[in-house]
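A.B. asks:
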């Protein structure tokens, strides 16, 4: 199994992604967190997802420390990872659309 580079690259990518998501989770659970702090963390994470997707499109694995050392990650795999990050970003947009609406409403008054 450890010689299967496709399986290894999938495992490394998802491990890296879960580490990024865990960092978000830890930030959101800190003491004295107000809703505006949590919203700022969520917006920053959505920006990171776009950044990560853009970097994968350029074969830049600098934010994927476990995926980076795997030799010759398949271009198709990188495209799948990029698409997955874009879908995750869209899902964050959908799930937190109420916060976006509230922010827009607060800024317009």
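Numbering (the working numbering), first residue to last: 14 to 122.
Note that CB positions come from ideal geometry on N, CA and C, so glycine has one too.
Quick caveat, the model's predicted, so the values are computed rather than measured.
1) Residue 30 and residue 55 - do their beta-carbons sit closer together than 9 Å?
2) Using a Cβ-Cβ cutoff of less than 7 Å, which residues in the same chain neighbour residue 86 once the five nearest sequence positions on both sides are dropped?
3) Within 10 Å of its beta-carbon, does residue 60 have 16 or more other beta-carbons around it, so buried, or fewer, so exposed?
4) I'd like the span of the alpha helix (DSSP H) that includes residue 97, first residue to last.
5) Does the region 104 to 112 touch the region 70 to 77, meaning 3 or more C-beta pairs lie closer than 8 Å?
6) If we ignore side chains and look at the alpha-carbon of each, how far apart do residue 97 and residue 18 end up?
7) For residue 89 versus residue 69, is the C-beta spacing smaller than 9 Å?
8) Near residue 26, what residues of its chain come up, given a Cβ to Cβ distance below 7 Å and the 5 sequence neighbours on each side ignored?
9) What did DSSP end up calling residue 33 once you bin it into helix, strand or coil?
10) Do residue 20 and residue 112 have their beta-carbon atoms positioned less than 9 Å apart in this structure?
C.D. replies: Taking the geometry as given:
1) Residue 55 sits at position 42 when you count from the first residue of the chain shown. Residue 30 sits at position 17 when you count from the first residue of the chain shown. No, the Cβ-Cβ distance between residue 55 and residue 30 is not below 9 Å.
2) Counting from one through the chain shown, the residue named residue 86 turns up at place 73. The answer, listed in chain order, is 22 and 80.
3) On the chain shown, position 47 is the one that residue 60 refers to. When all chains shown are included, residue 60 counts as exposed.
4) Taking the first residue of the chain shown as 1, we reach residue 97 at position 84. Counting along the chain, the alpha helix (DSSP H) containing residue 97 begins and ends at 88 to 108.
5) no
6) Here residue 97 refers to the residue found at position 84 of the chain shown. Here residue 18 refers to the residue found at position 5 of the chain shown. So the alpha carbons of these two residues sit roughly 19 Å apart.
7) Within the chain shown, numbered from 1, the residue matching residue 89 stands at position 76. Within the chain shown, numbered from 1, the residue matching residue 69 stands at position 56. No, Cβ-Cβ distance for residue 89 and residue 69 is not below 9 Å.
8) Counting from 1 along the chain shown, the entry for residue 26 is found at position 13. Closer than 7 Å at Cβ, skipping near neighbours: 77, 80 and 94.
9) Along the chain shown, read from residue 1 onward, the residue named residue 33 stands at position 20. Note: residue 33 maps to helix in three-state DSSP.
10) Within the chain shown, numbered from 1, the residue matching residue 112 stands at position 99. Within the chain shown, numbered from 1, the residue matching residue 20 stands at position 7. It is not a contact, given that the beta carbons lie outside the stated cut-off.
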